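K.L.:
First the structure, then my questions, so here it is.
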Amino acid sequence: MKNRLSQRQQRILAFIQKFMDEHQYPPTVRDIQNGCEVSSTSVVDYNLRKLQEMGYLTREPEIPDAPSYASDSTDTIDLPSFLTKDRQNVFALRVKGTSMIDALVADGDLVLVEPATEAANGEMVAAWLNSTEETTLKRFFIEGDMVRLQPENATMEPIMVPAKDVSVRGKIVGVVRTM
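No gaps in the numbering here: position 23 of the sequence shown is 23 in the UniProt record's numbering, and each next residue is one more.
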């Protein structure tokens, strides 16, 4: 049986559910801090840990800043093995934007992501940007102490960031287009 929630925990859960309904991905700790008007990210993190302990949330170790609402409304899809080529722990992200359109990855597509923390030059990755606290889908290139995240859209410029400010969350292993 789940424990009684404080008002703050109720607000955090409601915010996470609303955010996920609107964006199809979980909010960051900073999103929750701002959206729930909490004084610090450590207070948010404390409450997220409590909500996880009580069974209201799950948190993925590959994506530590993004709690997922543990309810029946979370979307899950069963992927046939021919799509994942028997890779383990593959997850899907919905694409927002057209930065990878020349690689035939369109707005609204699902990309299949194999969790990884490293990538070779030229691989398509889901990368976490510390500065903006968001994930981006780009081609990955190490250039000295910088990382170039290269869009596959001739109208867009690459993102150049210090290597310490970006982390690979996974490699793209497939694309599912919905009609």
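For each residue, glycine too, the CB sits at the ideal point set by N, CA and C.
No experiment lies behind these values; they were computed from the predicted model shown.
Which of the three DSSP states is assigned to glutamate 123 in this structure?
P.N.:
Glutamate 123: coil per DSSP, three-state reduction.
K.L.:
I want to know whether the stretch 161–172 touches the stretch 119–137 - three or more CB-CB distances under 8 Å.
P.N.:
Yes, since at least three Cβ pairs between the stretch 161–172 and the stretch 119–137 fall closer than 8 Å, the two stretches touch.
K.L.:
Keeping to the same chain, check which residues put their C-beta closer than 6 Å to that of glycine 35; ignore five residues upstream and five downstream.
P.N.:
Cβ neighbours of glycine 35 beyond the five flanking positions: Phe15.
K.L.:
If you follow the alpha helix (DSSP H) that lysine 18 is part of, which residue opens it and which one closes it?
P.N.:
Per DSSP, the unbroken alpha helix (DSSP H) holding lysine 18 starts and ends at 7–23.
K.L.:
State buried or exposed for methionine 100, treating a residue as buried only when at least 16 other CB atoms are found within 10 Å of its CB.
P.N.:
buried
K.L.:
Using only the alpha-carbon positions, how far apart do arginine 148 and arginine 4 sit?
P.N.:
47 Å
K.L.:
Using the Cβ count rule (16 or more neighbours within 10 Å means buried), how would you classify methionine 20?
P.N.:
buried
K.L.:
Can you name, in chain order, every residue of its own chain whose Cβ lies under 6 Å from the Cβ of alanine 70, other than the five neighbours on each side?
P.N.:
At alanine 70, the pLDDT of 42 sits below 50, so the modelled position is not reliable; the number obtained from the coordinates is stated separately. Tyr56, Leu57, Thr58.
K.L.:
Helix or strand or just coil, what does DSSP make of threonine 58?
P.N.:
strand
K.L.:
Tell me where the beta strand (DSSP E) around threonine 135 begins and ends.
P.N.:
Following the DSSP letters along the chain, one finds threonine 135 inside the beta strand (DSSP E) bounded by residues 134–143.
K.L.:
Using 8 Å as the threshold, is the C-beta distance between aspartate 86 and asparagine 130 below it?
P.N.:
no
K.L.:
Would you identify the three-state DSSP class for alanine 163, choosing helix, strand or coil?
P.N.:
helix
K.L.:
Are threonine 132 and serine 167 close, meaning C-beta to C-beta below 8 Å?
P.N.:
no
K.L.:
Taking Cβ to Cβ, would you say asparagine 89 is nearer than 8 Å to proline 115?
P.N.:
yes
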